[in-house]
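J.:
Residue numbers (this note's numbering): 40 to 485.
Here you go:
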């Protein structure tokens, strides 16, 4: 049977004395279908539906470069569509644990959690703090000056331990770190966060160094290639730690570890590229188990139930011509609420389904009851896997329609797709299964 076909039937083996009989009865069932995606395709003008549950934020990909940027994030985008930050990041270097065959950019890196922090300092042995309003900079505390004068060899652990810094928490030593190429990450020059092309694996550490200006003054964090370019290849370089190998939320004393808060939890991924503004629709709904209805607003609270969730969570502040007037629709603002090139939905608050709801409930007569019932604090205080288990709170969904130039995941219509039958062409050229694309035959997805 040639081509993409399915066979269904029965096979019987019988024996009559010395006579063996094998009987096969089959029916041939199958059809060939094609999907044309992209510009001019049959599905390009139709909005593709999406639905993302609140717990499914895009984890291990988006990180603030420091707590100065995190603490000022909501204020800087508080008057859309303008970003009022005074920040201009000109350069970012990113190192991760090397898993590739690339050995040209390998270095030994020590990432320090409290490096360049003026206010959010975890270890009490770090002194010289300039305060929480001081921008992230090597002179925000005395840690960079201390490590700069150390012997950049194997004795670094002894020196850091003597200072009261512990490996795995206060710092992370990566003996085989690879510098990411410019195609493997992007950064927001005004808001101070980076986006990785791929998610970090569970045991990967992330360290950065960068330069930027703030209100006309220059600042630097960590050591850039000019600083360590003349050093021997085996010399250790010092950078800002954004994520340790082992992610921990709190220590033994229940104190939050600062690196946990640098990972952004307000970004959701549509898994598409080249998102189009035309035809884009988004709304936030609450799925009520009692009635089984998707509600665009909560049904409790004298003030809250009169406002749509898309407004409560900060995604509706403007009308279609960007005047400060709510219109009940999602504000499509590049770089603030959405990233069209990567297909990211961005909430303007750091913890939208916790702090965003808590602010909306303020002043209600039953404020404490509403917070206890709806506020999804667990989503931001525990790991993503643990938060998904709280079904009583995990009832918020992001729903809508989008048009895009390409998708990372394509659903194949029908059921029971034959192995090896899927052919993909880009610009008329055939792609190779296994290297250019992967097919999930169980769920009919490319």
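Glycine residues also receive a C-beta, built at the ideal position from the N, C-alpha and C atoms.
All figures in this text were calculated on a predicted structure; none of them were measured in a lab.
Thinking just about the alpha-carbon of each residue, which of 153, 173 and 282 is nearest to the one in residue 166?
T.: Ranking the options by Cα distance to residue 166, first place goes to 153.
J.: Answer yes or no: do residue 91 and residue 375 have a C-beta to C-beta separation smaller than 7 Å?
T.: For residue 91 and residue 375, no; Cβs fall outside 7 Å.
J.: Report the residue from 379, 373, 173 and 322 whose alpha carbon sits nearest the alpha carbon of residue 355.
T.: That would be 322, whose Cα lies nearest to the Cα of residue 355.
J.: Would residue 319 be called buried (16 or more neighbouring beta carbons within 10 Å of its own) or exposed?
T.: Residue 319 comes out buried.
J.: Take the Cβ of residue 81 as the centre, count every other Cβ of all protein chains shown within 10 Å, and call the residue buried at 16 or more, exposed below.
T.: Residue confidence is low: residue 81 scores 46 on pLDDT, short of 50, so the model does not pin down where it sits. Its coordinate-derived value is still stated next. Its Cβ having fewer than 16 others within 10 Å, residue 81 is exposed.
J.: Are the beta-carbon atoms belonging to residue 404 and residue 275 less than 7 Å from one another?
T.: Result no, Cβ atoms of residue 404 and residue 275 do not sit closer than 7 Å.
J.: Find the nearest neighbour of residue 293 within the set 66, 104 and 420, judged by alpha-carbon distance.
T.: Checking every option, the nearest Cα to that of residue 293 belongs to 420.
J.: Would you decide whether residue 239 is buried or exposed? Buried here means 16 or more other CB atoms lie within 10 Å of its CB.
T.: Looking at its Cβ environment, which holds 16 or more other Cβ atoms inside 10 Å, residue 239 is buried.
J.: With three or more beta-carbon pairs closer than 8 Å as the criterion, would you say the stretch 122-137 touches the stretch 195-210?
T.: At 8 Å Cβ cutoff, the stretches do not touch.
J.: Count the C-beta pairs between the stretch 322-334 and the stretch 299-314 that are closer than 8 Å, then say yes if the count reaches three, no if not.
T.: Taking 8 Å as the limit for Cβ pairs, the verdict is that the stretch 299-314 does not touch the stretch 322-334.
J.: Less than 8 Å between the CB atoms is what I'm expecting for residue 233 and residue 102, so what's the real figure, rounded?
T.: That belief holds up - the Cβ atoms of residue 233 and residue 102 are roughly 6 Å apart, short of 8 Å.
J.: Give me the Cα-Cα distance between residue 473 and residue 218, rounded to the nearest whole angstrom.
T.: Distance between the alpha carbons of residue 473 and residue 218: 27 Å.
J.: DSSP puts residue 237 in a beta bridge; with which residues?
T.: Answer is none; residue 237 lacks a bridge partner.
J.: Considering only residues of the same chain and omitting the five flanking positions on each side of residue 177, which have a CB-CB separation below 7 Å?
T.: Only 155, 183, 259 and 260 meet the Cβ criterion.
J.: With a Cβ-Cβ cutoff of 7 Å, do residue 174 and residue 267 count as a contact?
T.: Cβ atoms of residue 174 and residue 267: not closer than 7 Å.
J.: Is it buried or exposed, residue 200, if we count other Cβ atoms within 10 angstroms and call 16 or more buried?
T.: So residue 200 ends up on the exposed side.
J.: Does the Cβ-Cβ distance between residue 340 and residue 409 come in under 7 Å?
T.: Yes. Within cutoff.
J.: Have a look at the DSSP bridge pairing and note the partners of residue 188.
T.: Per DSSP, none; premise fails for residue 188.
J.: Determine the closest residue to residue 373 out of 50, 443, 121 and 88, with distance taken between C-alpha atoms.
T.: Per the Cα distances, 121.
J.: Under 7 Å between the Cβ atoms of residue 246 and residue 402?
T.: Going by C-beta atoms, residue 246 is not nearer than 7 Å to residue 402.
J.: Who pairs with residue 89 in a beta bridge, going by DSSP?
T.: In DSSP, residue 89 forms a bridge with 439.
J.: With DSSP as the reference, label residue 83 as helix, strand or coil.
T.: Any reading at residue 83 needs caution, since the residue's pLDDT is 47, under 50, leaving its predicted position unreliable; the model's value is listed next. Residue 83 falls in the coil class under three-state DSSP.
J.: Within this structure, are the beta carbons of residue 380 and residue 397 separated by less than 7 Å?
T.: No. Outside cutoff.
J.: Could you tell me whether the Cβ atoms of residue 442 and residue 86 are closer together than 7 Å?
T.: Cβ distance < 7 Å, so residue 442 and residue 86 count as in contact.
J.: From this set, 353, 437 and 137, which residue's C-alpha is nearest residue 388's C-alpha?
T.: Of the candidates 353, 437 and 137, the one whose C-alpha sits nearest the C-alpha of residue 388 is 353.
J.: For residue 244, does the three-state DSSP call read helix, strand or coil?
T.: Three-state DSSP puts residue 244 in coil, outside helix and strand.
J.: Classify residue 160 as helix, strand or coil using the three-state DSSP reduction.
T.: If DSSP states are grouped into helix, strand and coil, residue 160 belongs with coil.
J.: Among residues of its own chain, excluding the 5 on either side of residue 365, which ones have a beta-carbon nearer than 7 Å to its beta-carbon?
T.: Contacts found: 350, 355 and 356.
J.: Can you check whether the CB of residue 171 is closer than 7 Å to the CB of residue 305?
T.: Contact flag unset, no.
J.: Where does residue 411 land, buried or exposed, given buried means 16+ other C-beta within 10 angstroms?
T.: Exposed is the call here.
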